[in-house]
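Accompanying notes for the structure given below.
In the working numbering, the protein residues as written are 180 to 838.
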């Protein structure tokens with residue numbers, strides 16, 4: 180009996196202690212589970228066959244303690260519920276390897292550390308949702324998944340704010356340390372992820388071997404103090420999509436992908452909405468020390484950058500980077516280059532296509548130590564412009580396919596297209612317009628310099644213009660020569676070779692206006708009368724300006740169609756002076772259809788200017804014209820002499836008759 184009495188006393192003490200503990204924690208026992216004193220929190224038990232599952236939790240009042248969750252529990256914070264913890268996190272697992280159900284917040288979580296933390300190998304099986312009207316305001320990261328796995332979507336339709344109280348992890352949403360999200364990460368229309376207000380870090384961050392197996396979709400607003408969306412040695416099997424209503428405002432990069440200590444693979448990146456990057460690139464990829472593999476990068480929306488930012492920037496670094504197709508059907512306005520691809524090691528992209536508006540403060544499209552396995556194509560609806568640099572710039576790079584312009588390629592700074600020590604294994608095909616800076620006297624439409632090469636032809640079916648030259652090839656090669664059926668405006672400066680020991684041939688069935696500068700063709704020149712507009716035009720300045728012929732041809736010349744000459748008012752040739760207009764180093768055949776040999780070209784005061792064809796040159800020469808008054812005097816004298824002769828003759832006849 181004493182033993183039983185002692186045991187009963189212990190049990191009573193245990194229950195008293197339990198009741199005190201419950202009161203301290205704010206709970207009371209009930210038949211259906213634990214209910215918070217004051218009605219702020221309730222737990223409903225859900226039985227599982229063969230197991231005892233912990234009660235689901237509903238918070239519909241104000242809680243001031245960190246909420247722990249485990250045992251397959253689900254947590255719901257209603258629109259009247261809140262968790263407020265000044266020096267801790269809002270929601271955490273009960274322990275290592277905890278199993279967690281759904282987490283649904285329609286109320287508010289206002290904490291000093293992490294809003295919702297899933298860590299230490301936890302498995303969350305039914306997703307995390309911050310509903311419309313829900314608020315997560317965290318001093319650290321809003322929602323953080325660390326070394327854990329989440330099934331179901333991670334979605335936000337409310338507001339998530341990340342802070343800056345703890346270093347390294349102060350993002351809006353973060354996956355860290357080899358975490359996995361098996362479904363989608365969604366910021367829905369009306370949803371807001373903000374790290375700018377509290378000067379935190381990234382809006383969404385996926386780091387350190389973490390993986391999203393679904394898609395990352397933004398239809399709401401992301402404002403960040405650093406990158407809007409960041410994959411730092413993290414990967415995604417699906418697509419990163421900034422949807423039509425999506426807005427990304429980033430202090431650094433809009434969407435950033437980089438690899439440091441682990442390889443990164445990204446399914447694809449697409450922008451249908453708007454991206455604004457203040458101090459970085461709109462879309463950024465960097466294989467810093469590990470490899471990056473990117474699918475397609477496509478912009479159908481708007482990308483705006485400032486402070487030396489590129490619209491789309493891809494950099495290989497030491498790790499290397501491989502990208503599929505890069506396309507723009509929208510608008511890119513960049514303070515640096517519209518699209519910039521640069522490689523310190525191995526940088527490869529499949530193709531670049533622009534059908535929208537692509538504008539760069541420096542270059543429209545820039546390649547530096549990079550390889551394009553396919554084409555660069557500016558489509559018929561595409562416009563590429565440069566304010567201070569070149570429309571297209573390539574240095575130490577290779578384009579395995581063609582460089583094609585069907586739209587408008589324009590530079591206000593320097594050249595339309597500029598290749599330096601770069602190779603195009605296909606052709607340069609222009610079916611649109613290429614124009615170099617009109618206010619720069621040294622601007623060139625297409626320039627190939629320093630061991631650059633084009634295996635195919637430079638084929639112009641549109642318009643190419645430049646002040647110094649329409650096409651310049653220097654210390655470079657054009658194997659297929661230059662084929663023009665469009666309009667070239669500007670000198671031809673072709674001192675390069677065909678790569679086979681010969682010069683660069685020019686075939687013209689369109690119009691070439693060489694302007695007033697001296698032109699040089701290192702190969703042959705052929706002009707065929709394909710249409711009434713086929714012509715070669717030369718503008719002549721003062722005779723003394725030229726040290727050599729305005730057009731020199733190192734090979735043969737076979738000419739037809741028209742020659743169109745214009746003259747400065749100061750141009751004049753003295754009598755018996757001959758001026759070489761076209762100097763042919765080999766042989767000249769044919770004749771311009773509007774000028775026969777020794778035909779009149781123009782009259783200058785008392786001189787007439789004629790054209791003469793030789794076997795190796797075409798010359799202009801002048802002769803003095805007889806002044807009009809002298810001509811009339813000669814005619815008058817002749818008529819007077821005839822009249823006098825007739826008069827004398829009649830008189831003689833009359834005398835004979837009378838005699």
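Using N, Cα and C, we set each Cβ at its ideal position, and we do this for glycine too.
Keep in mind that this is a model prediction, so the values were computed, not measured.
Open item on the list: Tell me which residues share the same chain as residue 479 and place their Cβ nearer than 6 Å to its Cβ, disregarding the 5 neighbours each side in the sequence.
Closed with: By one-based count along the chain shown, residue 479 stands at place 300. Only 451, 508, 509 meet the Cβ criterion.
TODO: Would you mind sorting residue 754 into buried or exposed? The rule is 16 or more other CB atoms within 10 Å of its CB.
DONE: Position 575 of the chain shown holds residue 754. Exposed, by the Cβ-count rule.
Task: Which listed residue (488, 467, 358, 397) has its alpha carbon closest to that of residue 882 - done: The first residue shown for the chain is 180 and the last is 838, placing residue 882 beyond what the model contains.
Open item on the list: Using 8 Å for Cβ pairs, my map puts residue 301 next to residue 276. What's the rounded Cβ distance?
Closed with: Translated into positions along the chain shown, residue 301 becomes position 122. Translated into positions along the chain shown, residue 276 becomes position 97. Yes, residue 301 and residue 276 are in contact; Cβ-Cβ is about 7 Å, under 8 Å.
Task: Buried versus exposed call for residue 423 [16 or more other C-beta atoms within 10 Å across all chains shown] - done: Counting from one through the chain shown, the residue named residue 423 turns up at place 244. Answer is exposed; the Cβ neighbour count stays below 16.
- [ ] Could you tell me the boundaries of the beta strand (DSSP E) in which residue 644 lies?
- [x] The count along the chain shown starts at 1 and reaches residue 644 at position 465. Counting along the chain, the beta strand (DSSP E) containing residue 644 begins and ends at 642-644.
TODO: Quick one: grab the DSSP three-state call for residue 525.
DONE: On the chain shown, position 346 is the one that residue 525 refers to. Three-state DSSP puts residue 525 in coil, outside helix and strand.
- [ ] Thinking residue 412 and residue 387 are a contact (beta carbons under 8 Å), I'd like their distance in whole angstroms, please.
- [x] As a working mapping, residue 412 is identified with position 233 in the chain shown. As a working mapping, residue 387 is identified with position 208 in the chain shown. Between residue 387 and residue 412 the Cβ distance is about 6 Å, and since that is below 8 Å, they are a contact.
Task: Secondary structure of residue 841, DSSP reduced to three states - done: For residue 841 there is no data in the structure shown, the boundaries of the chain being 180 and 838.
Open item on the list: Considering Cα atoms alone, identify which of 596, 608, 604, 600 is closest to residue 614.
Closed with: Here the question's residue 614 lines up with position 435 in the chain shown. Ranking 596, 608, 604, 600 by Cα distance to residue 614 puts 596 first.
Open item on the list: I need the straight-line Cα distance from residue 282 to residue 312, nearest angstrom please.
Closed with: For the purposes of this step, residue 282 is taken as the residue at position 103 of the chain shown. For the purposes of this step, residue 312 is taken as the residue at position 133 of the chain shown. One C-alpha to the other measures close to 15 Å.
Open item on the list: Less than 6 Å between C-beta atoms, sequence neighbours within five positions excluded: which residues of the same chain meet that for residue 645?
Closed with: For the purposes of this step, residue 645 is taken as the residue at position 466 of the chain shown. Only 615, 622, 623, 624, 669 meet the Cβ criterion.
Task: Spatial distance of residue 656 from residue 671 (CA atoms) - done: Residue numbering aside, residue 656 sits at position 477 when the chain shown is read from its first letter. Residue numbering aside, residue 671 sits at position 492 when the chain shown is read from its first letter. Straight-line Cα distance between these residues: approximately 14 Å.
Task: Buried or exposed (CB count within 10 angstroms, at least 16 for buried), residue 334 - done: Within the chain shown, numbered from 1, the residue matching residue 334 stands at position 155. Residue 334 should be labelled buried.
- [ ] Determine, using beta-carbon pairs with one atom in the region 714-730 and one in the region 777-784, whether at least three such pairs fall under 8 Å.
- [x] no
Open item on the list: Between the alpha carbons of residue 381 and residue 323, how many angstroms are there, rounded?
Closed with: Looking up residue 381 in the chain shown gives position 202. Looking up residue 323 in the chain shown gives position 144. So the alpha carbons of these two residues sit roughly 12 Å apart.
Task: residue 702, DSSP secondary structure in three states - done: By one-based count along the chain shown, residue 702 stands at place 523. Coil at residue 702, not helix or strand.
TODO: Just list the alpha helix (DSSP H) runs in the region 426-464, keeping only unbroken ones of 4 residues or longer that don't cross its boundaries, in chain order.
DONE: none
Task: Straight-line Cα distance separating residue 561 from residue 321 - done: Numbered from 1 along the chain shown, position 142 holds the residue referred to as residue 321. Numbered from 1 along the chain shown, position 382 holds the residue referred to as residue 561. Rounded to whole angstroms, residue 321 to residue 561 spans 41 Å at the Cα level.
- [ ] Tell whether a beta-carbon distance below 8 Å holds between residue 548 and residue 521.
- [x] Residue numbering aside, residue 548 sits at position 369 when the chain shown is read from its first letter. Residue numbering aside, residue 521 sits at position 342 when the chain shown is read from its first letter. Yes, Cβ-Cβ distance for residue 548 and residue 521 is below 8 Å.
Task: Close-in-space but distant-in-sequence residues of the same chain around residue 417 (CB under 6 Å, 5 per side omitted) - done: Here residue 417 refers to the residue found at position 238 of the chain shown. Only 393, 394, 446 meet the Cβ criterion.
Task: Classification of residue 378 by the beta-carbon crowding that lies within 10 angstroms, buried from 16 upward - done: Here the question's residue 378 lines up with position 199 in the chain shown. Under this definition residue 378 is an exposed residue.
Task: Own chain, CB closer than 7 Å to residue 540, minus 5 neighbours either side, in chain order - done: In the chain shown, counting from the first residue as 1, residue 540 sits at position 361. The answer, listed in chain order, is 513, 514, 515, 566, 567.
Open item on the list: For the beta strand (DSSP E) containing residue 534, name the first residue and the last one.
Closed with: Reading the chain shown from its first residue, position 355 is the one you call residue 534. Note, residue 534: premise wrong, no beta strand (DSSP E); not H, not E.
- [ ] Tell me residue 400's beta-bridge partners as DSSP assigns them.
- [x] The residue you call residue 400 lines up with position 221 of the chain shown. 371, 426, per the DSSP bridge assignment.
Open item on the list: Here's a check: name, in chain order, each residue in its chain whose Cβ is nearer than 6 Å to the Cβ of residue 729, leaving out the five neighbours to either side.
Closed with: On the chain shown, position 550 is the one that residue 729 refers to. For residue 729, where only same-chain residues beyond five positions count, the Cβ hits under 6 Å are 697, 717.
Task: Beta carbon of residue 443 nearer than 8 Å to that of residue 469 - done: Locating residue 443 in the chain shown gives position 264, where the first residue counts as 1. Locating residue 469 in the chain shown gives position 290, where the first residue counts as 1. Yes, the Cβ-Cβ distance between residue 443 and residue 469 is below 8 Å.
Task: Nearest-angstrom Cα separation, counted from residue 340 out to residue 527 - done: Locating residue 527 in the chain shown gives position 348, where the first residue counts as 1. Locating residue 340 in the chain shown gives position 161, where the first residue counts as 1. Going from the Cα of residue 527 to the Cα of residue 340 covers about 37 Å.
Task: Residue range of the beta strand (DSSP E) that includes residue 630 - done: Locating residue 630 in the chain shown gives position 451, where the first residue counts as 1. No beta strand (DSSP E) contains residue 630, which DSSP labels as neither H nor E.
- [ ] Just mark residue 814 as buried or exposed, buried being the case when its beta carbon has 16 or more other beta carbons within 10 Å.
- [x] Taking the chain shown and counting its residues from 1, one reaches residue 814 at position 635. With a pLDDT of only 46 at residue 814, under the threshold of 50, the placement of this residue in the model should not be trusted; the figure read from the coordinates follows. Under this definition residue 814 is an exposed residue.
Open item on the list: For residue 607 and residue 636, what's the separation of their Cα atoms in angstroms?
Closed with: Here residue 607 is taken as the residue at index 428 of the chain shown, counted from 1. Here residue 636 is taken as the residue at index 457 of the chain shown, counted from 1. If you take the alpha carbons of residue 607 and residue 636, they lie about 6 Å apart.
Task: Sequence-distant residues of the same chain with beta carbon closer than 8 Å to residue 191, five excluded per side - done: Working through the chain shown from its first residue, we reach residue 191 at position 12. Confidence is the limiting factor: at residue 191 the pLDDT is only 40, short of 50, which leaves the residue's position unreliable and the question unanswerable from this model.
- [ ] State the DSSP-derived secondary structure class of residue 658, mapped to helix, strand or coil.
- [x] What you label residue 658 is simply residue 479 of the chain shown in a count that begins at 1. Three-state result, residue 658: coil.
Task: Alpha-carbon to alpha-carbon, residue 552 and residue 686 - done: Within the chain shown, residue 686 is the residue found at index 507, counting from 1. Within the chain shown, residue 552 is the residue found at index 373, counting from 1. Distance between the alpha carbons of residue 686 and residue 552: 29 Å.
Task: DSSP-derived helix/strand/coil call for residue 290 - done: Locating residue 290 in the chain shown gives position 111, where the first residue counts as 1. If DSSP states are grouped into helix, strand and coil, residue 290 belongs with the strands.
- [ ] Give me whichever residues DSSP pairs with residue 589 in a beta bridge.
- [x] In the chain shown, counting from the first residue as 1, residue 589 sits at position 410. Per DSSP, 564, 614.
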